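Q:
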Amino acid sequence: MLLSIQDLKVGFRLGERGAVTLAKAVDGVSFDIPDNTTLALVGESGSGKSVTAMSILNLLPDNAQREGRILYQGNDLLQATLAQLQSLRGKEIACVFQDPMTSLNPVFTVGAQLAEPLVRHLGMSWRAATQQSEGLLAEVGIPEPRRRLDSYPHELSGGQQQRVMIAMALACGPKLLIADEPTTALDVTIQRQILELIARLKEQRRMSVLFISHDLGVVGEIADQVVVMRQGTVREQGPVATIFSAPKDLYTRALLACRPSLTHVPARLTVIDEHIQGQVSAVIAKPKDPAASVVLEVRSLAKSFFLREGLFGRREFKAVRGVNFKLRRGHTLGVVGESGSGKTTMGLTLLRLHEPTAGEVIFDGRDLLKLSDAERQLMRRRIQIVFQNPYASLNPRFTIGQTLLEPMVIHDIGADASERERRTRALLDKVGLGEDALGKYPHEFSGGQRQRIAIARCLTLDPEVLVLDEAVSALDVSVQAQVLNLLKDLQDELGLAYVFISHDLAVVRFLSDEVLVMKDGEVVEQASASELLAAPKQEYTRNLLGAIPRGYQGDRRSVTTG
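Numbering-wise, the numbering used here comes out as the position in the sequence shown, counting from 1, plus 23.
#1: I need the boundaries of the alpha helix (DSSP H) containing Tyr563, first residue and last residue.
#2: Can you tell me which of the three DSSP states Lys341 falls into?
#3: Would you please state the rounded distance, in angstroms, between the beta carbons of Gly457 and Leu451? I believe it to be under 8 Å.
#4: With H, G and I counted as helix, E and B as strand and the rest as coil, what does DSSP make of Phe633?
#5: Under three-state DSSP, which class holds Gly585?
#6: Express the C-alpha separation of Arg344 and Leu31 in angstroms, rounding to a whole number.
#7: Determine the burial state of Val432: buried for a count of at least 16 other Cβ atoms within 10 Å of its Cβ, exposed for fewer.
#8: In whole angstroms, what is the alpha-carbon distance linking Arg282 and Arg475?
#9: Name the residue from Gly388, Ala192, Val49, Ala48 whose alpha carbon lies nearest to the alpha carbon of Cys118.
#10: Determine, using beta carbons only, whether Val52 and Val257 come nearer to each other than 7 Å.
#11: Quick one: grab the DSSP three-state call for Cys118.
#12: Taking the beta carbon of Asp390 as the centre, do at least 16 other beta carbons fall within 10 Å, making it buried, or is it exposed?
#13: So for Ala202, helix, strand or coil by DSSP?
#14: Just to confirm, is the Cβ distance from Leu528 to Val359 under 7 Å?
#15: Residues in the same chain with beta-carbon distance under 7 Å from Ala152, minus the five sequence neighbours each way, listed in chain order, please.
#16: With distance defined between alpha-carbon atoms, name the residue in Lys225, Arg186, Cys195, Ser231 nearest to Gln214.
#17: Tell me whether the beta-carbon of Arg352 lies closer than 7 Å to the beta-carbon of Ala315.
#18: Is it the case that the segment 541-555 contacts the segment 364-371, given that we only count it when at least three CB pairs across the two stretches are under 8 Å?
#19: Out of curiosity, what's the CA-to-CA distance linking Gln96 and Met24?
#20: Taking a contact to mean a Cβ-Cβ separation below 7 Å, would you say Lys596 touches His354 in this structure?
#21: Looking only at DSSP bridge pairs, what is Val551 linked to?
#22: With 16 other CB atoms within 10 Å as the buried threshold, where does Leu376 fall?
#23: Please confirm whether any heavy atom of the ligand ZN lies closer than 6 Å to the CB of Met147.
#24: With 16 other CB atoms within 10 Å as the buried threshold, where does Asn508 fall?
#25: Can you pull the DSSP bridge partners for Gln474?
#26: Output yes or no for whether 7 Å exceeds the beta carbon distance between Ser73 and Asp203.
#27: When burial is assigned at 16 or more other CB atoms within 10 Å of the CB, is Ile299 buried or exposed?
#28: Evaluate Phe329 with the Cβ neighbour count: other Cβ atoms within 10 Å of its Cβ, from every protein chain shown; 16 or more gives buried, anything less gives exposed.
#29: Just checking, does the segment 415-427 make contact with the segment 463-478 on the three C-beta pairs under 8 Å criterion?
#30: Among residues of its own chain, excluding the 5 on either side of Met147, which ones have a beta-carbon nearer than 6 Å to its beta-carbon?
#31: What does a CB cutoff of less than 7 Å around Ala76 pick up in its chain, not counting 5 residues either side in sequence?
#32: Using a threshold of 7 Å, state whether the C-beta atoms of Leu491 and Phe523 are closer than that.
#33: Considering just the uninterrupted stretch of the beta strand (DSSP E) at Tyr521, what are its terminal residues?
#34: For Asp485, report the span of its alpha helix (DSSP H) as first-last.
#35: State buried or exposed for Val43, treating a residue as buried only when at least 16 other CB atoms are found within 10 Å of its CB.
#36: Are the beta-carbon atoms belonging to Leu556 and Leu285 less than 7 Å from one another?
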């Protein structure tokens with residue numbers, strides 16, 4: 024047995040001196056990872072997956088307290104000294120983390136970061152390590168590997184950064200690779216490539232993989248064994264085929280049920296607690312009015328960026344080219360495509376957060392792109408945006424009450440302070456948060472709760488159109504279901520129109536009436552959501568659909584062979 028975790032308990036000491044308490048994060052977790060096996064840890068955010076994995080090499084804060092046994096090739100790592108752990112880290116057991124941009128050092132080249140573990144653990148010279156690094160980049164599919172050795176992390180795409188992280192992890196030939204949510208923030212085609220890469224390298228190198236994810240669709244395509252966790256405990260574990268075909272635990276069945284489907288579109292998505300309690304939603308989907316008034320019309324929208332080239336020259340990069348669409352009141356337009364397709368740039372240009380190069384955006388009979396600054400400020404009340412990352416879009420120094428009150432004060436909404444406070448409390452209730460949230464700060468909330476707060480902040484201005492830029496892509500499947508249900512409820516109640524930008528076609532299918540498919544800044548296909556998914560006309564759209572994880576299908580050849 025390569026690794027055996029036995030009755031692991033992890034707690035975090037909170038407080039100082041006499042008021043110290045122990046907050047349990049993992050309580051009695053046990054599982055084994057045999058040689059040449061991929062085991063997946065699955066569960067919602069906060070279930071203890073990452074804490075369990077990071078306990079193996081003690082990559083935890085100083086206030087962590089571990090009990091139990093973690094046997095690596097028969098040696099208990101809980102009893103290992105720091106020097107012994109350092110000799111294992113990167114050499115015998117390596118890690119790939121969720122966000123490569125925070126894991127890669129921005130001031131060192133890719134080549135220097137790849138060479139470092141080879142010099143440190145294998146005693147190579149820098150010259151030999153650099154040559155080995157070029158081979159590693161080629162192995163993980165980086166084009167022009169010799170040239171990329173001199174690149175800095177910010178010069179690579181998200182998928183390339185993650186490939187570099189995998190190359191670094193594999194540099195010393197580890198026996199165990201810990202992959203902590205390595206595909207969560209990537210679009211479906213890049214996610215597919217990373218999954219295929221990990222599966223191929225695992226087979227070629229005969230190593231084991233501990234794969235951490237909240238998405239059972241992804242897990243079903245790569246794992247041999249699955250461990251389902253909730254609230255720090257193991258709810259179910261077994262072979263992937265058993266977990267998918269005959270899950271025994273209600274929580275496992277709920278995780279499988281709350282994922283949006285490409286084939287079936289319910290009025291509401293199943294939420295985990297509702298599924299466990301046996302509650303079946305009786306909500307009937309509100310029919311959309313096909314003749315609803317057009318609230319937003321975009322004509323030939325274009326956006327270019329000009330990049331310096333040489334001493335005096337510059338080069339035009341066309342990020343958005345000739346986009347056209349109409350958005351009706353109470354309807355949702357889904358915008359899909361790979362990273363770099365121009366989706367987000369198009370959304371930001373609609374609101375003039377990027378100044379357009381050409382085109383028209385007609386709202387209420389006026390071209391938003393030709394308004395003066397004063398007119399644009401007034402119009403901004405009616406078109407709002409929800410960003411992908413609620414951690415970055417909320418001011419950490421403002422309480423939630425201040426966050427919601429500020430836009431009302433700026434735009435002079437409400438007769439006085441008491442009326443604004445009443446509106447704030449009502450909005451929090453509307454997005455499913457109690458008024459006790461008013462005095463709290465953003466760090467006191469989960470990711471899903473913060474996204475609800477971001478939505479409530481937009482609603483303070485009574486908008487008619489919301490641009491949602493990857494608003495649920497960073498959320499686990501249960502929280503994602505809650506936020507998507509909320510967006511549908513708000514649309515039905517308030518008649519909101521959405522421009523919903525996402526790389527996840529299953530999510531787009533649930534929320535959207537019409538879909539734009541973008542590639543290289545252009546719209547390559549446009550149709551109703553049902554038509555587009557049933558009979559896509561473009562090869563690019565078919566590739567996007569083919570890359571969507573569908574869980575365990577009983578045949579791994581598509582993943583392991585690439």
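Each residue gets a CB set at the ideal place from its N, CA and C atoms; glycine is no exception.
Quick caveat: nothing in here was measured; it's all calculated off a predicted structure.
A: Taking the definition as stated:
#1: Counted from its first residue, the sequence shown places residue 563 at position 540. It spans 562-569 - the alpha helix (DSSP H) in which Tyr563 sits, taken as one unbroken run.
#2: Position 318 of the sequence shown, counted from the start, is the residue given in the question as residue 341. Look at Lys341 here: in three-state DSSP terms it is strand.
#3: Residue mapping note: residue 457 aligns to position 434 of the sequence shown, counting from 1. Residue mapping note: residue 451 aligns to position 428 of the sequence shown, counting from 1. With a Cβ gap of about 7 Å, Gly457 and Leu451 count as contacting.
#4: Only positions 24 to 585 of the chain appear in this structure, which leaves residue 633 out of reach.
#5: As a first step, residue 585 is located in the sequence shown; it is residue number 562 there, counting from the start. Model confidence at Gly585 stands at a pLDDT of 44, short of 50, so the residue's coordinates are unreliable and nothing is read from them.
#6: Sequence index remark: in the sequence shown, residue 31 carries index 8 (1-based). Sequence index remark: in the sequence shown, residue 344 carries index 321 (1-based). If I take the Cα positions, the gap works out to 55 Å.
#7: Within the sequence shown, the letter at position 409 stands for residue 432. So Val432 ends up on the exposed side.
#8: Taking the sequence shown and counting its residues from 1, the one referred to as residue 282 is at position 259. Taking the sequence shown and counting its residues from 1, the one referred to as residue 475 is at position 452. As the crow flies, the alpha-carbon of Arg282 is around 19 Å from that of Arg475.
#9: Residue mapping note: residue 118 aligns to position 95 of the sequence shown, counting from 1. Comparing alpha carbon positions, the residue from Gly388, Ala192, Val49, Ala48 closest to Cys118 is Ala192.
#10: Translated into the one-based positions of the sequence shown, residue 52 becomes position 29. Translated into the one-based positions of the sequence shown, residue 257 becomes position 234. In this structure, Val52 sits near Val257, with a CB-CB distance shorter than 7 Å.
#11: Numbered from its first residue, the sequence shown carries residue 118 at position 95. In the three-state DSSP reduction, Cys118 falls in the strand class (E or B).
#12: By one-based count along the sequence shown, residue 390 stands at place 367. Looking at its Cβ environment, which holds fewer than 16 other Cβ atoms inside 10 Å, Asp390 is exposed.
#13: The count along the sequence shown starts at 1 and reaches residue 202 at position 179. Strand, per DSSP.
#14: Within the sequence shown, residue 528 is the residue found at index 505, counting from 1. Within the sequence shown, residue 359 is the residue found at index 336, counting from 1. The answer is yes: Cβ separation under 7 Å.
#15: Here residue 152 is taken as the residue at index 129 of the sequence shown, counted from 1. Excluding positions up to five away in sequence, the list reads Ala138, Leu141, Val142.
#16: What you label residue 214 is simply residue 191 of the sequence shown in a count that begins at 1. Answer by Cα proximity: Arg186.
#17: Working through the sequence shown from its first residue, we reach residue 352 at position 329. Working through the sequence shown from its first residue, we reach residue 315 at position 292. Going by beta carbons, Arg352 and Ala315 fall inside the 7 Å limit.
#18: Touching, per the Cβ criterion.
#19: The residue labelled residue 96 in the question sits at position 73 within the sequence shown. The residue labelled residue 24 in the question sits at position 1 within the sequence shown. Per the coordinates, the alpha-carbon of Gln96 lies some 7 Å from the alpha-carbon of Met24.
#20: With the chain covering only 24 through 585, there is no way to say anything about residue 596.
#21: Residue numbering aside, residue 551 sits at position 528 when the sequence shown is read from its first letter. Looking at the sequence shown, residue 551 is not Val but Ser. Beta-bridge partners of Ser551 (DSSP): Glu537.
#22: Translated into the one-based positions of the sequence shown, residue 376 becomes position 353. Around the Cβ of Leu376, a 10 Å sphere holds fewer than 16 other Cβ atoms; the residue is exposed.
#23: Annotation note on the ligand ZN: not contained in the displayed structure, which lists no ligands.
#24: For the purposes of this step, residue 508 is taken as the residue at position 485 of the sequence shown. Flag for Asn508 reads buried.
#25: The sequence position of residue 474 within the sequence shown is 451, counting from 1. None, per the DSSP bridge assignment.
#26: On the sequence shown, residue 73 is found 50 positions in, with the first residue counted as 1. On the sequence shown, residue 203 is found 180 positions in, with the first residue counted as 1. In contact: Ser73 and Asp203 (Cβ atoms closer than 7 Å).
#27: Locating residue 299 in the sequence shown gives position 276, where the first residue counts as 1. Classified as exposed, Ile299 has fewer than 16 neighbouring CB atoms from the shown chains inside 10 Å of its CB.
#28: Within the sequence shown, numbered from 1, the residue matching residue 329 stands at position 306. Exposed, since its Cβ has fewer than 16 Cβ neighbours within 10 Å.
#29: By the Cβ test, the segment 415-427 is in contact with the segment 463-478, since at least three Cβ pairs between them sit closer than 8 Å.
#30: Here the question's residue 147 lines up with position 124 in the sequence shown. Answer for Met147: Leu141, listed in chain order.
#31: If you number the sequence shown from 1, residue 76 lands on position 53. Same-chain partners within the cutoff: Leu64, Ile201, Asp203, Leu233, Ile235.
#32: Translated into positions along the sequence shown, residue 491 becomes position 468. Translated into positions along the sequence shown, residue 523 becomes position 500. Taking 7 Å as the cut-off, the beta carbon of Leu491 is found closer than this to the beta carbon of Phe523.
#33: Here residue 521 corresponds to residue number 498 of the sequence shown, with the count starting at 1. Per DSSP, Tyr521 belongs to the beta strand (DSSP E) from 520-524.
#34: Residue 485 sits at position 462 when you count from the first residue of the sequence shown. That residue, Asp485, is in no alpha helix (DSSP H); it is neither H nor E in DSSP.
#35: To locate residue 43, count along the sequence shown from 1; it is residue 20. By the 10 Å Cβ count, Val43 comes out exposed.
#36: Position 533 of the sequence shown holds residue 556. Position 262 of the sequence shown holds residue 285. Cβ distance < 7 Å, so Leu556 and Leu285 count as in contact.
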